[in-house]
Structures are given as C-alpha cells and as structure tokens.
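Quick note on numbering: the sequence shown equals residues 2 to 279 in my numbering. Built from N, CA and C at the ideal position, the CB exists for glycine as well. Computed from a predicted structure; not experimentally measured. Below is one structure, written out as structure tokens; comments come after it.
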Amino acid sequence: MIKAIFFDIDGTLVTKQSKALYSTRLAIQKAREKGILVGVATGRGPVHLAERMDHLVVDMYVTYNGQLVYQGNEDIYQHPFEPEVLKEIVTFADQEHRQIIFGARRRVDGSYIMRLSQVGWVKRIAAIMPRWFPVRTTKGLLQSFSPNRSKGRYSRLSILEEPIYQCVLFSAESETEKLSHHLPNVTFQRSNPYSVDIIPKGGSKLLGIHKFLEANNIDPSEVIAFGDHLNDLEMLEGVGIGVAMGNGQDETKEYADYVTDTNENDGIYKALKYFEII
C-alpha cells in the first residue's frame, strides 16, 4: 500500500514552462484525498520554491538534494556542510574564479550570473537550450572576464556565516573528474548539462526521503517516486516504485520500475492510474 509520493520538480512535476498540468493537479488532489502524503524531492532550495513548483499544494519537502527536509513549519532533517569542507569549496571557487552560489535556509548568494540562472524565466530558457551549448568555452570566458575577480570574492560573503546546505557551480559535464580531485570531501549531483550541485559527502534525495519516512513511520516499500535526471537515480531505485518520466535521461529510465509518459503529456496522472493509486 502506497503511503507517500515524492516528485522531482523540473522535468517531472512541471512542464518546460514551469507550469503544472491540470492532470497533475488532479492526481495530487486525488492522492491526498485518499490520505497519501505527497511531496517534492528536489535539488532546489526553499527560496521561491512555491513559485517554481507552480504553487502546488503538497505535504512535505525534501530540498537541496536531501540536505534539508521539512513538513509544514517543522524541520525534520538538516545536514549543512562542515565548516572546513565549506572553506575548501570557497577557496576553490575564489582561486579558480568560478561562478558559484551558496544555498542557506532562507536565501541564496554568490555569483550574480548563477543567481540569475535560478530565476524562473531563465530556467525556462535553459530547458530548451541544446545539449551542445558550449559550457566549457562559456566557463572560460567568465573566468577570464568576470567583473568580480577580486581576491577572496566569495570568502567575504555574509551568507557563509549561516548553515550552507548546497552550492551550485557553473560546470560542464566533462569536468567531473577534475572537480572530484579538487573537492574530494563532497558529493556532486547533476540535473542538467550546465551546472552541478555540490552537497555534503554521501548526501542524496534518497537519504532525505529516508529521514522523512523514519519521522513518519513509513517503510520505503510504501513509497512511489518520480524523476527524470541523474540526481534521481538513487531515489528511484531505493523506494517501492520508481517511475521515470518519458522525457527523462536513458540512464534514469534504466533505474526505474516503470517509464511513464512525458511531463508535457500527463505522465504523472497516467502512472498513478496505472498503479491504481488514484
């Protein structure tokens, strides 16, 4: 018996225009009416989250790739960076003149370009950008011509005095090995070809989901989760039913128990009907 449902947001819960389909709203409503808890498991943080999920009404939030979990006004799990690890990230970003943002509980700060990239309309543009977009070349130009190349640019940010749960770095997929060498004490999660989420070592959406389940006495076998990208792999494999969206990555589909239709074509509603959850 399914007692909880978790949805990734971008590419899953909402369309390319960051809108929730009528069928998705109806499916969530029907599930909640049956007493099933419905929530999101996302790489996004709490800042402007309601807008980014098109103001859907849900019960729980697994944010920052599982590092901050809350239900209503109650924080269930908090896992910020250790100070020495955060210092390693800041030092790397400063020395390499990288574009990075730092996510706290109630605000995000850092690179203006990266903060702009989190705005809804920019996200919609990014969703239709081709995968051949020259990320490495653009990164190099930003490193060379950034107007904020002052020494210790990020180390002076006041947000670093707060718990930081996630950093987002402008980064090509080909940089994975280099980043792992420079930052061995973190975990990298990627949900697009243009940036990478940096979280505390060992963190994942699945870990955050488990913390919520423990607090609510729910077994992972009683959960269904929906996702489309690489940061959803552990989540889809680690719950009772993992559903990949039809628009998802091929690797994501391989980890899923079921592949539904796309996020533009009633994929969520169809899957919940298929499993007779609604």
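query, result
"Given H19 as reference, the closest of Y195, V39, H56 and G247 once Cα atoms are compared", "Going by the sequence as given, residue 19 is Ser instead of His. When only C-alpha atoms are compared, the closest one is H56."
"Alpha-carbon to alpha-carbon, T261 and D267", "9 angstroms"
"Minimum length 4: unbroken alpha helix (DSSP H) runs contained in the stretch 50-92", "50-53"
"Local Cβ density within 10 Å of Q100, reported as buried at 16 or more and exposed below that", "buried"
"Environment of P81 [buried if 16+ CB atoms lie within 10 Å]", "buried"
"Sufficient close CB pairs (3 or more, under 8 angstroms) joining the stretch 208-221 to the stretch 81-92", "no"
"Beta-bridge partners of S196, as assigned by DSSP", "F171"
"Closest residue to L69 among G209, Y275, E255 and Y113 (Cα-Cα distance)", "G209"
"Inter-residue spacing [alpha-carbon to alpha-carbon] between A1 and G203", "Residue 1 lies beyond the range of the chain shown here (2 to 279); nothing can be said about it."
"Simplified DSSP state of T177, which is helix, strand or coil", "helix"
"Buried versus exposed call for I10 [16 or more other C-beta atoms within 10 Å across all chains shown]", "buried"
"Separation of F8 from L14, as counted between CA atoms", "6 angstroms"
"F276 - DSSP class collapsed to helix/strand/coil", "coil"
"For L237, three-class secondary structure by DSSP", "helix"
"Those residues which DSSP pairs with G40 across a bridge", "F7 and M61"
"Nonlocal neighbours in the same chain, by C-beta distance under 8 angstroms from Q250, ignoring five residues either side", "D229, H230 and L231"
"Cβ-based neighbour list, T16, same chain, cut-off 7 angstroms, excluding 5 preceding and 5 following", "L22, N264 and E265"
"Within 8 angstroms, strictly: CB atoms of I102 and C168", "yes"
"Exposed unless 16 or more other CB atoms sit within 10 angstroms - verdict on P201", "buried"
"Straight-line Cα distance separating N186 from S24", "42 angstroms"
"Residue nearest to Y196 in terms of C-alpha spacing, selected from L214, S205, L184 and E176", "Here residue 196 turns out to be Ser, not Tyr, going by the sequence shown. S196 has its Cα closest to that of E176, out of L214, S205, L184 and E176."
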